[in-house]
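See structure below.
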Amino acid sequence: MREAGFLVILSQGLSLVKLDILSLSEFAQKTSLNPARMLRLTQKGHLSVGADADITVYDFATQEPKYSFVEGRKVLWKGDVVAKGATVICTERGVKAIEARGMKAIAVDPGRQVERVPAL
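Using this note's numbering, the first residue of the sequence shown is number 193, and each one after it goes up by one.
Rendered as C-alpha cells:
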C-alpha cells in the first residue's frame with residue numbers, strides 16, 4: 193500500500209530538482225523542515241541531536257520512495273508500507289480521511305502563529 197499524495201509530492205519535487213529549479217537541500221527543506229515548523233513539531237523535519245530522526249530514502253532515478261523509518265521503526269520497505277497502527281499528524285480537514293484508512297490521526301492547527309527559526 194502506497195500513499196498517493198506522498199508519491200506525487202516526491203515525484204514532482206524531484207522533477208524540479210532534475211530541472212535545476214530546486215536544489216536537493218531546498219527540496220528537503222520544503223518537504224520536511226517547513227511542514228514540521230508549520231505544524232509546530234520541533235522534533236521533526238531535521239536531523240539534529242535530540243530530533244526524532246525520521247528519514248525516507250528514495251531512488252533519484254525513478255523518483256520513488258524506497259525505505260522510511262519513523263522513531264527507528266521501519267514503516268516503508270522496498271516501496272511498500274509495512275507498519276501497522278500508524279498515527280498521522282494532519283490538519284482538522286484530514287482526520288476523517290486518515291481514520292477511514294484505519295489509522296489514528298492527531299489534528300493540529302497550522303494557522304496559529306509560530307516562532308520563526310532561521311533556515312538551515
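In this text, a Cβ means the ideal position worked out from N, Cα and C, and glycines have one as well.
In three-state terms, what does DSSP make of residue i?
i	result
Ala-228	helix
Thr-248	strand
Lys-236	coil
Gln-204	helix
Ala-311	Residue placement at Ala-311 is flagged as unreliable, the pLDDT there being 49, under the threshold of 50; the coordinate-derived value follows with that caveat. Of the three classes helix, strand and coil, the one that applies to Ala-311 here is coil, per DSSP.
Thr-223	helix
Val-209	helix
Ala-196	Any reading at Ala-196 is ruled out, since the residue's pLDDT is 49, under 50, leaving its predicted position unreliable.
What residue range does the alpha helix (DSSP H) around residue i cover?
i	result
Leu-288	Inspection of the sequence shows that residue 288 is occupied by Lys rather than by Leu. Lys-288 -> alpha helix (DSSP H) spans 287 to 292.
Ala-220	216 to 220
Just list the residues that DSSP pairs residue i with in beta bridges.
i	result
Leu-268	Ser-260 and Val-273
Ile-298	Ile-281
Legend entry - the region 211 to 229 / the region 283 to 291 touching (three or more Cβ pairs under 8 Å): no
Legend entry - the region 250 to 261 in contact with the region 204 to 211 per 3-pair CB rule at 8 Å: yes
Inset, instruction - Determine contact between the region 232 to 247 and the region 256 to 275, defined as no fewer than three beta-carbon pairs at a distance below 8 Å. - result: yes
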